[in-house]
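In this text, residue positions in the sequence shown follow numbering that gives the first Met the number 0: the first is 0, and each later residue adds one.
Positions of the beta carbon are idealized from the N, C-alpha and C atoms, including for glycine.
Here is the structure we will look at, set down as structure tokens.
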Amino acid sequence: MLASVLDHRHRGASSLRSSGPWHLVAIAVATAALTACGGGSSDDDPAPEVAPRTAVTLVRVAAEAAGSHCAAGGTRVESGADADGNGQLADGEVSSTQYVCNGLNGGAGAEGRSMLVRVRAEAVGANCAQGGSAVMAGLDADGNGALDSGEVSSVAYVCNGANGSNGSNGTNGSNGTPGSAGPTGPTGASGLDALVAVTAESAGANCAYGGQRVQSGQDANRNGVLDAGEVTSTAYACSAAPADTRWVNVTSSTAQADSNTGYLANSSGPVVLTLPASPAVGDWIKVTGVGAGGWTIAQNAGQRITTTGLPGGNTVTWTAQAPTGTWVAVAMSADGARQVAAAASGELYTSEDAGAHWTVRLTGQTWSSVAMSSDGQTILAAVDGGALYLSTDGGNNWSNDGSSRAWTAVASSADGTRLVATAYLGQIWTSADSGGSWTARDSNRAWRTVSASADGRVQVAGTNGSQLYVSTDYGVNWTARASAQFWWGSAASADGRRLYATVDTGAIWRSDDFGTSWEAVTVSRDWRGIATSADGRHVVAATNGGALYESSDGGQTWRSTADASAWTTVASSANGLTLLAGKSGAALYAGTRRTSTTSGVSGSLSGGQGDTLQLQYVGGGVFMPISYVLANLTFSPQ
0 MLASVLDHRH
10 RGASSLRSSG
20 PWHLVAIAVA
30 TAALTACGGG
40 SSDDDPAPEV
50 APRTAVTLVR
60 VAAEAAGSHC
70 AAGGTRVESG
80 ADADGNGQLA
90 DGEVSSTQYV
100 CNGLNGGAGA
110 EGRSMLVRVR
120 AEAVGANCAQ
130 GGSAVMAGLD
140 ADGNGALDSG
150 EVSSVAYVCN
160 GANGSNGSNG
170 TNGSNGTPGS
180 AGPTGPTGAS
190 GLDALVAVTA
200 ESAGANCAYG
210 GQRVQSGQDA
220 NRNGVLDAGE
230 VTSTAYACSA
240 APADTRWVNV
250 TSSTAQADSN
260 TGYLANSSGP
270 VVLTLPASPA
280 VGDWIKVTGV
290 GAGGWTIAQN
300 AGQRITTTGL
310 PGGNTVTWTA
320 QAPTGTWVAV
330 AMSADGARQV
340 AAAASGELYT
350 SEDAGAHWTV
360 RLTGQTWSSV
370 AMSSDGQTIL
380 AAVDGGALYL
390 STDGGNNWSN
400 DGSSRAWTAV
410 ASSADGTRLV
420 ATAYLGQIWT
430 SADSGGSWTA
440 RDSNRAWRTV
450 SASADGRVQV
460 AGTNGSQLYV
470 STDYGVNWTA
480 RASAQFWWGS
490 AASADGRRLY
500 ATVDTGAIWR
510 SDDFGTSWEA
520 VTVSRDWRGI
530 ATSADGRHVV
540 AATNGGALYE
550 SSDGGQTWRS
560 TADASAWTTV
570 ASSANGLTLL
580 AGKSGAALYA
590 GTRRTSTTSG
600 VSGSLSGGQG
610 DTLQLQYVGG
620 GVFMPISYVL
630 ANLTFSPQ
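Shown next as structure tokens:
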């Protein structure tokens, strides 16, 4: 008897979701098969009829890029017989390819039209001598969900092969007891068409960059529409990350930005672009300043743009704090919460709330330098012509070593265990037991500054008129480096790889190889104290009679910050975001490094002509810069 069988070969949507250029979905239709029914046979029986080989038609749907087949892109529909019977349409099995193309002004998705595929059995005739399958494809122009005759833009035929020759009769079997009837098989889908609907899928959880949703099933009610209850498989043909950006030329003063779109700010006046109000994580926008007016990216409520790493995005804001003095040394804990400041008039202050309040701890000493452990509990303070003072409880209680030397500088490891101090025209002294005992190192020199890595292994010390000296064994041995200069201040990254040193009426010098080689990275100024973040990236340096200068790229570029004054000393937290600076005869100054624009509608980020920026949404209202080209000096965050 004849039977028409529909067989879906889907294994689930997940097996079809892909981020590559090919997105495949297969459906299958088997054509009629002729079979013989009955009991035994005899030599006189005619040879049994041989059923034609069941031909399974597979269909593969893939996105078609813009090109010679479809000027604006579209969908490719490939079909063929499953020759090897593995349920997959191999490239060598494709016998027909059809293209359903997007319109030049927008594809099926943009116009709200679905791409439909319909597979039905093809009777013996002119199209298929042995019968087969007709694969019809087209856009659903009227939106009724059915591929009407007038909507079919292409038809392909997958035909059955010719019947093979009959085989020889087999040997008669003995007469046996007739067998009982077997169970009735399930009712087949005889005569049912296979339907495939391809619709646009917006960017989201199923497809990060959008794509197509491919649904398939049998037309059980024979209405030509793939109804919701007939869908047996859903797959997603996802677009790859776009290689090209859709650019919008903006000549007006304002524009609302859409996700995953680039904008050319092309006006003689400022162009204000407002960020997408409801972006998905991973969405991005780009902006390029074409016109002389530049551009500003405005924000919605709850949104902000991170600016760490952007030129101009790490602006430091300075705020005067009590008390007032001629400050000679400052230091702080790794998180910036605990701070210490020493004045030439003899007072030593500590703060436990990032400088909001200060407490006098010691008085009557000619302080020259202070150092603090990363937790702020160990504080080492030096007196010029006196002793070394040590506190292990954040400044509440103090002891001194009873010495009387011209101490000029001190430094501490992060845990406060390893300490180092320099004496002018004396030696370098080190302690490996939190100041319990001290050992003299190297020779008598005009030592002026010293700094240490977080573990205390790498140390750098500068002299007044001679060379820099570097130790890489916790201060046991010292090697002369760089050239003879009037070294004033120094700083070390946490790992000791990057070192800085300032010169009075000279440059700032930097080493990126644990102090082996040095290079000047600034012009000559009356440099004083210097401080760096733990990674050596964010640096702030003081000048006498000039401004404070800061760098956010490891000393490659510098810009002035704060006012011009007699700055003497500066300290930094480990992340470089909290700063403390002192000058002569003035208040202490607390510095805060910007990390983002102001949250909400009052925040923004601006660039000029020739400046390009790409932002990506990372969730929580935050957009992050992922690339930029800067033609001007800096971006301008608000």
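- Task: Would you please state the rounded distance, in angstroms, between the beta carbons of residue 634 and residue 309? I believe it to be under 8 Å.
- Result: Within the sequence shown, numbered from 1, the residue matching residue 634 stands at position 635. Within the sequence shown, numbered from 1, the residue matching residue 309 stands at position 310. Cβ-Cβ separation between residue 634 and residue 309: approximately 5 Å, consistent with a contact (criterion under 8 Å).
Do residue 481 and residue 446 have their CB atoms nearer than 9 Å?
Locating residue 481 in the sequence shown gives position 482, counting from the first residue. Locating residue 446 in the sequence shown gives position 447, counting from the first residue. Going by C-beta atoms, residue 481 is not nearer than 9 Å to residue 446.
Sequence-distant residues of its chain with Cβ nearer than 6 Å to residue 478 (five each side left out): Against the sequence shown, residue 478 aligns to sequence position 479. Excluding sequence neighbours, residue 478 sits near 469.
If I measure Cβ to Cβ from residue 646 and keep anything under 7 Å in the same chain, skipping five residues before and after, which residues do I get?
As shown, the chain starts at 0 and ends at 637. That puts residue 646 outside it, with no answer to give.
Under 9 Å between the Cβ atoms of residue 448 and residue 460? For the purposes of this step, residue 448 is taken as the residue at position 449 of the sequence shown. For the purposes of this step, residue 460 is taken as the residue at position 461 of the sequence shown. Going by C-beta atoms, residue 448 is nearer than 9 Å to residue 460.
Discussion item. With three or more C-beta pairs closer than 8 Å as the rule, is the stretch 536-554 touching the stretch 311-321?
Written reply: yes
**Study point:** Rounded separation between residue 603 and residue 412 - CA only
**Key:** Within the sequence shown, the letter at position 604 stands for residue 603. Within the sequence shown, the letter at position 413 stands for residue 412. Residue 603 and residue 412: Cα-Cα distance of roughly 40 Å.
| Per DSSP, the bridge partner or partners of residue 246 | Residue 246 sits at position 247 when you count from the first residue of the sequence shown. Beta-bridge analysis with DSSP links residue 246 to 261.
Inter-residue spacing [alpha-carbon to alpha-carbon] between residue 152 and residue 57:
The residue labelled residue 152 in the question sits at position 153 within the sequence shown. The residue labelled residue 57 in the question sits at position 58 within the sequence shown. The straight-line gap from Cα to Cα measures roughly 19 Å.
Point to revise | Three-state class that DSSP yields for residue 199 in the structure shown | key: Counted from its first residue, the sequence shown places residue 199 at position 200. Of the three classes helix, strand and coil, the one that applies to residue 199 here is strand, per DSSP.
Next on the checklist: Applying the 10 Å Cβ sphere with the 16-neighbour rule, what's the burial state of residue 275?
Outcome noted: Position 276 of the sequence shown, counted from the start, is the residue given in the question as residue 275. Residue 275 comes out buried.
Item to complete: Tell me whether residue 515 is buried or exposed, calling it buried when 16 or more other Cβ atoms sit within 10 Å of its Cβ.
Response: Along the sequence shown, read from residue 1 onward, the residue named residue 515 stands at position 516. Residue 515 is exposed by the Cβ-count criterion.
Determine the closest residue to residue 384 out of 488, 390, 367 and 373, with distance taken between C-alpha atoms.
Numbered from its first residue, the sequence shown carries residue 384 at position 385. Nearest C-alpha to residue 384: 367.
To the nearest whole angstrom, what separates the beta carbons of residue 483 and residue 466, a pair I think is in contact under 8 Å?
-> Position 484 of the sequence shown holds residue 483. Position 467 of the sequence shown holds residue 466. Yes, they are in contact, since the Cβ atoms of residue 483 and residue 466 sit about 6 Å apart, within 8 Å.
| If we ignore side chains and look at the alpha-carbon of each, how far apart do residue 487 and residue 553 end up? | As a working note, residue 487 is residue 488 in the sequence shown. As a working note, residue 553 is residue 554 in the sequence shown. Their backbone Cα atoms lie some 19 Å apart in a straight line.
By a C-beta neighbour count over all protein chains shown, 10 Å radius and 16 as the cutoff for buried, is residue 522 buried or exposed? As a first step, residue 522 is located in the sequence shown; it is residue number 523 there, counting from the start. Classification of residue 522: exposed, given that the 10 Å Cβ count is below 16.
Which runs of the beta strand (DSSP E) spanning at least 3 residues fall entirely within the stretch 495-543, listed in chain order?
498-505, 507-510 and 524-531
Inset, instruction - Determine whether the Cβ of residue 393 lies closer than 9 Å to any Cβ atom of chain D. - result: No chain D is part of this structure, which consists of one protein chain only.
query = Do residue 581 and residue 408 have their CB atoms nearer than 9 Å?
reply = Counting from one through the sequence shown, the residue named residue 581 turns up at place 582. Counting from one through the sequence shown, the residue named residue 408 turns up at place 409. No; because the gap between Cβ atoms is not below 9 Å, this pair is not in contact.
Practice problem: Inspect the beta-carbon positions of residue 268 and residue 247 and report whether they are closer than 9 Å. | Solution: Looking up residue 268 in the sequence shown gives position 269. Looking up residue 247 in the sequence shown gives position 248. Contact flag unset, no.
Let me know if residue 304 comes out buried or exposed under the rule of 16 or more other beta-carbons within 10 Å of its beta-carbon. Looking up residue 304 in the sequence shown gives position 305. Flag for residue 304 reads buried.
**Message:** I want to know whether the stretch 553-568 touches the stretch 600-614 - three or more CB-CB distances under 8 Å.
**Reply:** no
Is it a yes or a no for the stretch 201-215 touching the stretch 228-237, going by three-plus beta-carbon pairs under 8 Å?
yes
Taking buried to mean at least 16 other C-beta atoms within 10 Å of its own C-beta, is residue 356 buried or exposed?
-> Mapped onto the sequence shown, residue 356 falls at position 357. By the neighbour-count rule (16 or more Cβ atoms within 10 Å), residue 356 is not buried but exposed.
Here's the rule: buried if 16 or more other CB atoms are within 10 angstroms of the residue's CB, otherwise exposed. What is residue 358?
As a working note, residue 358 is residue 359 in the sequence shown. Flag for residue 358 reads exposed.
| residue 549, DSSP secondary structure in three states | What you label residue 549 is simply residue 550 of the sequence shown in a count that begins at 1. Residue state, collapsed to three classes: strand.
| query | What do you get for residue 298, buried or exposed, if any count of 16 or more other CB atoms within 10 angstroms of its CB means buried? | reply | Reading the sequence shown from its first residue, position 299 is the one you call residue 298. That one is buried.
Would residue 100 pass as a contact of residue 69 if the rule is Cβ separation under 9 Å?
-> Counting from 1 along the sequence shown, the entry for residue 100 is found at position 101. Counting from 1 along the sequence shown, the entry for residue 69 is found at position 70. Contact flag set, yes.
Report task. For the stretch 417-497, list the beta strand (DSSP E) runs that are entirely contained and at least 3 residues long, ordered along the chain. Result -> 418-430, 438-451, 458-470 and 478-491
**Report entry** Cβ-Cβ distance between residue 504 and residue 528 below 9 Å
**Finding:** Start at 1 with the first residue of the sequence shown, and residue 504 comes out as number 505. Start at 1 with the first residue of the sequence shown, and residue 528 comes out as number 529. Their beta carbons are not under 9 Å apart, which means residue 504 does not touch residue 528 by this criterion.
> Since residue 380 is in the beta strand (DSSP E), which residue starts that stretch and which ends it?
Replying inline: On the sequence shown, residue 380 is found 381 positions in, with the first residue counted as 1. Unbroken beta strand (DSSP E) run through residue 380: 378-385.
Determine the burial state of residue 245: buried for a count of at least 16 other Cβ atoms within 10 Å of its Cβ, exposed for fewer.
One-based indexing of the sequence shown puts residue 245 at position 246. Looking at its Cβ environment, which holds fewer than 16 other Cβ atoms inside 10 Å, residue 245 is exposed.
Going by the CB atoms, is the gap between residue 535 and residue 492 shorter than 9 Å? Within the sequence shown, numbered from 1, the residue matching residue 492 stands at position 493. Within the sequence shown, numbered from 1, the residue matching residue 535 stands at position 536. In this structure, residue 535 lies closer than 9 Å to residue 492 by Cβ.
| query | What's the C-alpha gap between residue 636 and residue 333? | reply | Locating residue 636 in the sequence shown gives position 637, where the first residue counts as 1. Locating residue 333 in the sequence shown gives position 334, where the first residue counts as 1. Approximately 26 Å between the Cα atoms of the pair.
Are the beta-carbon atoms of residue 237 and residue 259 separated by less than 9 Å? If you number the sequence shown from 1, residue 237 lands on position 238. If you number the sequence shown from 1, residue 259 lands on position 260. No, the pair does not count as a contact, with Cβ atoms beyond the cut-off.
I think residue 415 touches residue 577, with their Cβ atoms under 8 Å apart; what is that distance to the nearest whole Å?
-> What you label residue 415 is simply residue 416 of the sequence shown in a count that begins at 1. What you label residue 577 is simply residue 578 of the sequence shown in a count that begins at 1. With a beta-carbon spacing of about 20 Å, residue 415 and residue 577 fall beyond the 8 Å limit used to define contacts.
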